[in-house]
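Residue numbers (this note's numbering): 15 to 541. Beta carbons are placed, not taken as given, at the ideal position from N, Cα and C, and that holds for glycine. These notes are about the structure you will find just below.
Okay, here's the thing in structure tokens:
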């Protein structure tokens, strides 16, 4: 027989005499007799690790708050200055683009609001954010705005209602005042994708011929798709050739004109005032009535166009904000390290905010792309054209396969489109009855298929166009006619700050006495 050996029971710890009166208060003896002891070795390692990580997080956020307050104090004096009731604050334009490889298109906007916006708010500087929701969306929006501006300056379209002089609102600005206020602001580019799309829009907006009337690019695409024979009964080549892609599907036919380098720093208000009088700058810098120039061409109204503008009007000073979005599994270690070192992002964003608040168009330096004739089309291009070039090394590999994915999606879609279109027509014409599966999920009608095809083609072609703009193997667009029209906000020294308004000092009790009381005190002292 095997006998089981039991461990000797440990003697029960008695309640210390000093704590025995607490037993009569209802506190259990097990609580009063508890003897604390150190945790085990594994628990000590775990608690020490948690404490170290927690302290790193706490110390980093404390440093971030300290840095942010230091920069706020340097510009807070601007918000204390009094303004005229009809005066408008300074306003800056913020451009952010969809970051390659990230489904969240607003990461650049979040970065700006988290690190740059607090400085602008402390200085009472207004801002407007324009964010691209897809590849190339920011570029197309800015290009359309520039085209509208050119038609406004040429007198072909009226200015928007909020800038027309003579309205009932006293705060309404005239076109010249609106352009001057825009020039006194700034253009903030968050990340290299925003820089590339902004430069592309600048070149396509000012450096190409545009129709005198606005172009509906959706209608143009719909007309093009209706003529390719994809929905014909027996097309010779069903579908479209997926191997052929169009670079710019929403570009009007434009004749390329070689631009000459800009001469000097021309104010946009000068061009605006001349345009309001029915005159516009020609590519050679001379002025000629727009109506006379259009009449001289002797073309139909649908073929009238505005020539490229060279040199371009002076643009608001530029402020580039370096922003790297770490996307993908490979960048997870860097993201973890950045999570515990946010102070670098705070300082970088605060420095950018300081350049915006303290900088003006008068002390901004000229944009430096390099010597004429030495600027390449592929990076590195040198100088200011290489802003944020190191960001492109963190793009995920999936972004480089964008064109291949679009080609595969288009081929699969058109293969399925033939089957769906055939089934839809047979059922609609009564050739056959729908199957059980088709009764549960009826095929789309031909009108729905045409609408679906239009949406997909528009998305695919815009994606292809956006990829060609953001391709890491492609540099930033540049035109020699921009020289003298682009300025960059300078870095501010450490001791530069806006003095705050002095608070009135409290009047002492002796100084608050009346003259009669002062005389009585003097008489008492003399006696």
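- Looking at the backbone, the Cα of residue 107 and that of residue 196 are separated by about 9 Å.
- In this structure residue 512 is in contact with residue 88, their Cβ atoms being roughly 7 Å apart against a cut-off of 8 Å.
- Excluding residues up to 5 positions away in sequence, 206, 338 lie with their Cβ nearer than 6 Å to the Cβ of residue 405 in the same chain.
- Counting the other CB atoms within 10 Å of its CB gives residue 67 a total below 16, which places it among the exposed residues.
- For residue 133, no beta strand (DSSP E) segment is defined; the enclosing uninterrupted segment is the alpha helix (DSSP H) at 131–136.
- Assignment of residue 140 by DSSP, reduced to helix, strand and coil, places it in the strand class.
- Here residue 334 is bridged, per DSSP, to 203.
- Rounded to the nearest whole angstrom, the C-alpha separation of residue 148 and residue 115 is 11 Å.
- Taking the C-beta atoms as reference points, residue 81 is found nearer than 9 Å to residue 357.
- For residue 110, the uninterrupted beta strand (DSSP E) segment begins and ends at 105–110.
- Residue burial is scored here from C-beta neighbours: residue 383 has at least 16 other C-beta atoms within 10 angstroms and is therefore classed as buried.
- The shortest C-alpha to C-alpha distance from residue 161 to any of 226, 491, 130, 85 is the one to 226.
- The Cβ atoms of residue 212 and residue 201 lie closer than 9 Å to each other.
- Of the other Cβ atoms in all chains shown, 16 or more fall within 10 Å of the Cβ of residue 471; this residue is therefore buried.
- Around the Cβ of residue 99, a 10 Å sphere holds fewer than 16 other Cβ atoms; the residue is exposed.
- In this structure, residue 474 sits away from residue 432, with a CB-CB distance that is not shorter than 9 Å.
- Scanning its chain for C-beta atoms nearer than 7 Å, with the 5 sequence neighbours on each side dropped, one finds around residue 487 the residues 392, in chain order.
- Residue 473: member of the alpha helix (DSSP H) spanning 460–484, first to last residue.
- Closest in alpha carbon position to residue 516, among 359, 429, 94, 489, is 94.
- A Cβ-Cβ separation of about 14 Å leaves residue 360 out of contact with residue 71 under the 8 Å criterion.
- In this chain, the alpha helix (DSSP H) harbouring residue 360 covers 357–372.
- With respect to the 9 Å criterion, residue 502 and residue 134 are not classified as neighbours on the basis of their beta carbons.
- Closest in C-alpha terms to residue 103, from the list 389, 85, 136, comes 136.
- When DSSP states are grouped into helix, strand and coil, residue 350 belongs to the helix group.
- Residue 454 and residue 448 have their C-alpha atoms spaced approximately 10 Å apart.
- Residue environment: residue 183 is assigned as exposed (fewer than 16 neighbouring CB atoms within 10 Å of its CB, all protein chains considered).
- When Cβ pairs closer than 8 Å are counted between the two stretches, the segment 492–499 is seen to touch the segment 323–341, the count reaching three or more.
- The shortest CA-to-CA distance from residue 419 to any of 394, 400, 477 is the one to 477.
- In the same chain as residue 150, and ignoring 5 residues on each side of it, the C-beta atoms closer than 7 Å to its own belong to 211, 476, 479, 480, 483, in chain order.
- Taking a contact as a CB-CB distance under 8 Å, the pair residue 239 and residue 467 counts as one, their CB atoms being some 7 Å apart.
- In terms of Cα proximity to residue 170, the closest of 155, 394, 224, 413 is 224.
- Under DSSP, residue 225 forms a beta bridge with 319.
- When only Cα atoms are considered, residue 367 and residue 144 end up about 17 Å apart.
- For residue 95, there is no enclosing alpha helix (DSSP H), as DSSP marks it with neither H nor E.
- Between the alpha carbons of residue 57 and residue 64 lies a distance of about 11 Å.
- Going by beta carbons, residue 463 and residue 245 fall inside the 9 Å limit.
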